[in-house]
Each structure stands twice: as structure tokens, then as C-alpha cells.
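Peer 1: With full-length UniProt numbering applied, the sequence shown corresponds to residues 1 to 316, in that order.
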Amino acid sequence: MDRAIKRFKKPAVRLVCSYLFDWILCVVLIALFLTLDNVTPFKRQFSVEDTSLMYPYKEKETIPTWALIIIAVVFPAVLMAVVSLFIRRSSYDFHNGFLGLLLSVSLTIVVTQVVKVTFGKHRPDFIDRCKPMLNGVAITRDEPLKLWTVDVCTTTDHLVFKDGIRSFPSGHASTSFAGLVYLSLWLAGKMHVFDRKGYSLKSVILMVPILTAILVAISRIEDYRHSAADVGWGTVIGIFFAFFAYHQYYPSITRSHSHIPYPPRDFSYLIKDNNGKVHEAGHLEAMTGIHPNEESVDEIQQQQPEQLADLDAQEK
Numbered sequence: 001m002d003r004a005i006k007r008f009k010k011p012a013v014r015l016v017c018s019y020l021f022d023w024i025l026c027v028v029l030i031a032l033f034l035t036l037d038n039v040t041p042f043k044r045q046f047s048v049e050d051t052s053l054m055y056p057y058k059e060k061e062t063i064p065t066w067a068l069i070i071i072a073v074v075f076p077a078v079l080m081a082v083v084s085l086f087i088r089r090s091s092y093d094f095h096n097g098f099l100g101l102l103l104s105v106s107l108t109i110v111v112t113q114v115v116k117v118t119f120g121k122h123r124p125d126f127i128d129r130c131k132p133m134l135n136g137v138a139i140t141r142d143e144p145l146k147l148w149t150v151d152v153c154t155t156t157d158h159l160v161f162k163d164g165i166r167s168f169p170s171g172h173a174s175t176s177f178a179g180l181v182y183l184s185l186w187l188a189g190k191m192h193v194f195d196r197k198g199y200s201l202k203s204v205i206l207m208v209p210i211l212t213a214i215l216v217a218i219s220r221i222e223d224y225r226h227s228a229a230d231v232g233w234g235t236v237i238g239i240f241f242a243f244f245a246y247h248q249y250y251p252s253i254t255r256s257h258s259h260i261p262y263p264p265r266d267f268s269y270l271i272k273d274n275n276g277k278v279h280e281a282g283h284l285e286a287m288t289g290i291h292p293n294e295e296s297v298d299e300i301q302q303q304q305p306e307q308l309a310d311l312d313a314q315e316k
């Protein structure tokens with residue numbers, strides 16, 4: 001028992017435990033998304049004369065799901081790893097950056113999927129997916145004052161049909177903006193884009209992820225998978241959760257210390273001796289290099305107990 005308590009007092013263990021709920025939440029959200037993916041959406045009635053549903057069904061998408069994952073999740077994670085681990089040399093910075101990215105994407109995909117299955121909006125290529133027929137004859141006109149139900153659909157591909165009533169909002173748009181806008185915010189914080197020095201190159205760099213997300217969204221309209229409204233609302237959802245998740249772990253990009261993540265949550269466990277000296281074994285700052293201050297956040301480059309104690313003395 002004493003050994004377990006002693007192990008829990010280690011800064012590394014306490015740091016992991018302080019963020020454990022965040023990681024569990026992201027895993028639960030992803031599991032919920034996968035569960036909702038198997039739910040049959042609401043089946044609303046439709047008109048075969050609705051020209052917005054008459055586009056052809058394209059089997060090959062411009063950006064398939066696997067490519068979306070690489071663009072919106074893998075690429076930002078790799079870039080953050082390079083900057084945090086090899087340039088800034090801060091594993092804690094990468095931890096917060098990647099956790100924020102995962103939170104942004106997981107919240108986005110769950111909200112998007114919930115709306116999709118409850119709204120049940122037809123995709124622009126729905127009629128081609130449905131192949132409506134009545135008594136062996138293709139339906140080309142509506143009956144007076146009557147809409148058709150999905151019972152007239154004769155398609156044999158259940159997955160293609162079910163996906164045809166998940167148009168609103170666009171999952172590709174929301175996910176790409178959730179990951180790439182988050183990346184732009186992260187880069188903006190690292191480059192201090194609002195330092196009033198006016199480096200145009202910073203703006204160009206930040207526009208690359210955003211432009212990529214825009215192109216992903218446009219591809220969904222070109223593939224006849226979504227209408228402009230579907231893509232627009234997906235964009236709003238993705239941007240909202242990108243801003244929300246980023247500010248859970250980093251200060252505003254307008255702050256002077258925007259490149260530094262928030263300090264670790266567990267700063268209550270500080271072991272001090274009778275002289276007020278702080279023992280490194282109980283000091284989480286010694287692990288992360290992030291030191292809390294009443295006015296800002298200071299990043300400690302040299303993690304020596306004596307320097308940590310001096311910093312505490314200056315704060316008093």
C-alpha cells in the first residue's frame with residue numbers, strides 16, 4: 001500500500017492522472033461516433049421531381065474517408081510532433097497539442113453524426129442511389145399532393161442507400177475544419193502572429209491548413225455528396241469546436257505567451273521542507289518546464305531544484 005502511494009506521488013504519475021479523464025472522454029466520444037455510424041437515419045419522404053436530388057452517384061470520392069483522416073488528424077499530429085519534440089523539445093507541449101486536436105475532432109464527429117441520423121436529409125445523388133420503382137416501372141413523376149417514401153427504393157446496396165440520407169451536415173467539412181483550423185490556431189500561437197511586427201509569411205503559413213479544409217469541403221459539392229448548406233454548417237461546427245478545444249489547453253493567440261501551453265493542473269502537490277525549499281520529486285514544473293505565475297506563464301528552460309526554489313521565492 002505504501003509503495004502504491006509512493007508511486008502515485010511521483011510527478012509523472014500525477015501528471016498522467018490529471019489528464020486521464022480527458023483521454024478517456026476522447027475515447028468514449030470516438031466509440032460513440034462508431035456506434036452512431038450503425039444507426040439508420042430518419043427516413044423522410046421525398047419527391048422524384050426534386051432536381052436537387054437528381055445528381056449522379058459517384059462511386060469514387062475525390063477525398064475518401066481514409067484520406068480525410070490523414071489530412072485532418074495525422075498531418076496536424078505529425079507537424080505538432082516535429083515542432084514540439086524536435087524544435088521546442090517539449091513533450092508536454094506535444095501532449096497538450098495532440099490532446100486538444102483529438103478533443104476537437106472527436107467532439108465534432110459526434111455532434112455531426114448525431115445531427116445526421118436525426119435529420120435524415122437526402123444527398124444530392126439520392127434518387128440515383130434509391131432507384132425508385134413501382135410495380136417494376138421506374139418512378140419519374142410524383143402523384144398529386146403526395147410524396148414518396150423509401151419503400152419505393154429498389155437498391156440492393158443497403159450501405160450506399162443508408163449513406164444517401166446522411167447529407168446534413170457535411171462530415172468531411174466539419175472534420176477537416178476541426179483538425180486544420182485547430183492546427184492553424186496552434187501554429188498562430190507558436191509564431192505569435194499578433195505580435196504587431198507584421199510578418200506576412202506567418203499569414204501565408206496559417207492559410208495553408210485553412211485553404212486545405214476549404215478544398216476538402218468544395219470536393220464534397222463537386223462529388224454531389226452535399227449541398228452548399230450542408231458544407232456551410234459542417235464548416236461552422238468544425239470551426240467552433242476547433243476554437244473550443246484549443247482554448248482548453250492554450251491561451252489566446254493574442255497573448256504574449258501564446259506559444260506556451262497552460263501549466264499542469266496538479267500544482268497543489270508541492271513538497272517543501274522547513275526552509276521553504278521545493279523538492280524536485282514533488283514538483284510537476286520540473287517535468288514539464290512550465291511554471292505558473294499570477295500574471296502569465298513562464299517557461300523554464302533549465303529544470304534545476306535550486307532555480308525552481310528561486311522562482312517560488314520571487315513569487316512570494
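From the three backbone atoms N, C-alpha and C, an ideal C-beta is built for every residue, glycine too. Quick caveat, the model's predicted, so the values are computed rather than measured.
Could you pull out every residue in the same chain whose Cβ sits closer than 8 Å to the Cβ of Asp19, ignoring the five residues on either side in sequence?
Peer 2: According to the sequence displayed, residue 19 carries Tyr and not Asp. Closer than 8 Å at the Cβ level, and outside the excluded window around Tyr19, lie His95, Leu99 and Arg265.
Peer 1: Tell me the DSSP secondary structure of Met54 in three-state form.
Peer 2: Of the three classes helix, strand and coil, the one that applies to Met54 here is coil, per DSSP.
Peer 1: So what's Phe42 in DSSP terms, helix, strand or just coil?
Peer 2: In this structure, Phe42 counts as coil in the three-state DSSP scheme.
Peer 1: How many angstroms separate the CA atom of Asn38 from the CA atom of Leu147?
Peer 2: Using only the alpha carbons, I get a separation of about 27 Å.
Peer 1: When DSSP labels each residue in this structure, what does Val137 get in the three-state scheme?
Peer 2: Here Val137 sits in strand by DSSP.
Peer 1: Which residues does DSSP list as the beta-bridge partners of Pro132?
Peer 2: Pro132 pairs with Cys153.
Peer 1: Would you list the one or two residues that DSSP bridges to Trp148?
Peer 2: Answer is Phe46, bridged to Trp148.
Peer 1: Considering only their Cβ atoms, is the gap separating Val236 from His172 smaller than 8 Å?
Peer 2: No; because the gap between Cβ atoms is not below 8 Å, this pair is not in contact.
Peer 1: If you draw a straight line from the C-alpha of Asp163 to the C-alpha of Pro124, how long is it?
Peer 2: If you take the alpha carbons of Asp163 and Pro124, they lie about 12 Å apart.
Peer 1: Leaving out five residues on either side along the sequence, give the residues of the same chain with a beta carbon under 8 Å from the beta carbon of Ala61.
Peer 2: Here residue 61 turns out to be Glu, not Ala, going by the sequence shown. Excluding residues within five positions, the ones whose Cβ falls inside 8 Å are Ser219, Asp223 and Arg225.
Peer 1: Can you tell me the Cα-Cα spacing of Arg89 and Thr65, whole angstroms?
Peer 2: Going by the C-alpha atoms only, they are around 33 Å apart.
Peer 1: What are the start and end residues of each continuous alpha helix (DSSP H) run of 4 or more residues lying completely inside the segment 195 to 272, in chain order?
Peer 2: For the segment 195 to 272, whole alpha helix (DSSP H) runs of length 4 or above, ordered along the chain, are 200 to 222 and 228 to 249.
Peer 1: Straight-line CA distance for residue 327 to Pro251?
Peer 2: Residue 327 falls outside the range modelled here, since the chain spans only 1 to 316, and no answer is possible.
Peer 1: Could you tell me the distance, in whole angstroms, from the CA atom of Ser227 to the CA atom of Asp142?
Peer 2: Between Ser227 and Asp142, the C-alpha separation is close to 23 Å.
Peer 1: Label Leu180 either buried or exposed according to how many other C-beta atoms from any shown protein chain fall within 10 Å of its C-beta, with 16 as the threshold for buried.
Peer 2: Buried is the call here.
Peer 1: Rounded to whole angstroms, what is the Cα-Cα separation between Glu280 and Thr40?
Peer 2: For Glu280, the pLDDT reaches just 45, beneath the cut-off of 50, and the residue's location in the model is therefore unreliable, although a value from the coordinates is still provided. Cα to Cα, the separation comes out at about 55 Å.
Peer 1: With DSSP collapsed to three states, give me the class of Ile70.
Peer 2: DSSP places Ile70 in helix when its eight states are reduced to three.
Peer 1: Go ahead and pull the three-state DSSP assignment for Ile30.
Peer 2: Three-state DSSP puts Ile30 in a helix.
Peer 1: Since Ser104 and Ala245 are thought to touch, with beta carbons under 8 Å apart, how far apart are those beta carbons, to the nearest angstrom?
Peer 2: Indeed, because the Cβ distance is near 4 Å, the residues count as touching under 8 Å.
Peer 1: Could you work out which residue in Ser203, Val83 and Thr155 is closest to Tyr57 when comparing CA atoms only?
Peer 2: It is Thr155.
Peer 1: Between Leu29 and the rest of its own chain, which residues show a CB-CB distance below 6 Å, the 5 nearest in sequence each way excluded?
Peer 2: The residues are Ser106 and Val110.
Peer 1: State the DSSP-derived secondary structure class of His122, mapped to helix, strand or coil.
Peer 2: Residue state, collapsed to three classes: coil.
Peer 1: Take the Cβ of Phe161 as the centre, count every other Cβ of all protein chains shown within 10 Å, and call the residue buried at 16 or more, exposed below.
Peer 2: Buried.
Peer 1: When burial is assigned at 16 or more other CB atoms within 10 Å of the CB, is Arg166 buried or exposed?
Peer 2: Flag for Arg166 reads buried.
Peer 1: Exposed or buried, which one is Phe21 when buried takes at least 16 other CB atoms within 10 Å?
Peer 2: Phe21 comes out exposed.
Peer 1: Secondary structure at Asp142, three-state DSSP: helix, strand or coil?
Peer 2: Correct three-state label for Asp142: coil.
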